[in-house]
Amino acid sequence: MNTMVVLISGRGSNLRALVEAGLPVAAVISNRADAAGLAYAAGRGIATAVVPHRDYATREEFDAALGQAIDAFRPGLVALAGFMRILTAGFVQRYHGRMLNIHPSLLPAFAGLDTHARALAAGVKLHGCSVHFVTAELDHGPIVMQAAVPVLASDDATALAARVLAQEHRIYPQAARWYLEQKLVIERGVVRVKGDPPQQSYAP
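Next comes the structure, spelled out in structure tokens:
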């Protein structure tokens, strides 16, 4: 199985889920030296690196430096796990077909930020999360797996986010494993898994 590099900007809860699922995380890289996930990774004996985005005058210069840091570990997969940077088209092309992201909505609904508040404001009855391949269009790459949770009358954004996050921790390791086991096939922009296991789940 190939290894993976995980990119984070903060606490790294999805990083923890990937590591605790036994996936081969070769390194964790952050754009922030104070990202709590770096300490977690170091404590697990995983290599870490910091590429501070504020050290670079342009997105292109930052992405070039980030790419060099990633390539030093020769990963088969790059996994974004709360990495709060918009990537340039050139960077996305560099890792085309081998970069995944976890997004807290049922894409294509609610791409971008503040997904839980927006879902509540829209009055949707199902919300959730999606693992998708990264493309140049933000949060619009081919979807690998989704999990849905019911929106409750008592929900605020915090409560809804917590239930969605629990599902993120469940489906991201599964999607990454499928990729590393070479089970994902993209046909006309649609992802299927060899053997046809379920690519969706529903939380009670």
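All the letters of the sequence shown, read from the start, carry residue numbers 21 to 224 under this note's numbering.
Don't be surprised by glycine CBs; every beta carbon is placed ideally from N, CA and C.
Please read these numbers as outputs of a predicted model, since none were measured by experiment.
Item: Cα-Cα separation, G215 to R183; Value: 29 Å
Item: Status (buried if at least 16 other CB within 10 Å, exposed otherwise) for I106; Value: exposed
Item: R74 versus T68: straight-line alpha-carbon distance, rounded; Value: 18 Å
Item: At least three beta-carbon pairs within less than 8 Å, the region 192-208 to the region 159-171; Value: yes
Item: Sequence-distant residues of its chain with Cβ nearer than 8 Å to G110 (five each side left out); Value: E80 and D83
Item: G32 vs A55 beta-carbon contact at 8 Å; Value: yes
Item: I122 (DSSP reduced to helix, strand or coil); Value: strand
Item: Contact check, L146 vs L120, beta carbons under 8 Å; Value: no
Item: Span of the alpha helix (DSSP H) around Y199; Value: A177 to L200
Item: Where the alpha helix (DSSP H) containing T155 begins and where it ends; Value: That residue, T155, is in no alpha helix (DSSP H); it is neither H nor E in DSSP.
Item: Beta bridge counterpart(s) of P170 as assigned by DSSP; Value: L146
Item: Residue environment, E40, which counts as buried when at least 16 other CB atoms sit within 10 Å; Value: exposed
Item: Residues near T135 by beta carbon distance below 7 Å, same chain, minus five either side; Value: P124 and S125
Item: Contacting residues, own chain, Cβ-Cβ under 7 Å from R64 (five flanking each side not counted); Value: V39
Item: The alpha helix (DSSP H) enclosing I90, as first and last residue numbers; Value: R79 to D91
Item: Nearest neighbour of Q88, chosen from A62, V144, V25 and F103 [CA to CA]; Value: V25
Item: Rounded straight-line distance, which links the Cα of F153 to that of P170; Value: 25 Å
Item: Distance between L140 and A168 (C-alpha atoms, nearest Å); Value: 14 Å
Item: Outcome for P217 when other beta-carbon atoms lying within 10 angstroms are tallied against a minimum of 16; Value: exposed
Item: With 16 other Cβ atoms within 10 Å as the buried cut-off, status of Q187; Value: buried
Item: Reference Q220, options T155, G148, R208 and Y199, closest by Cα; Value: G148
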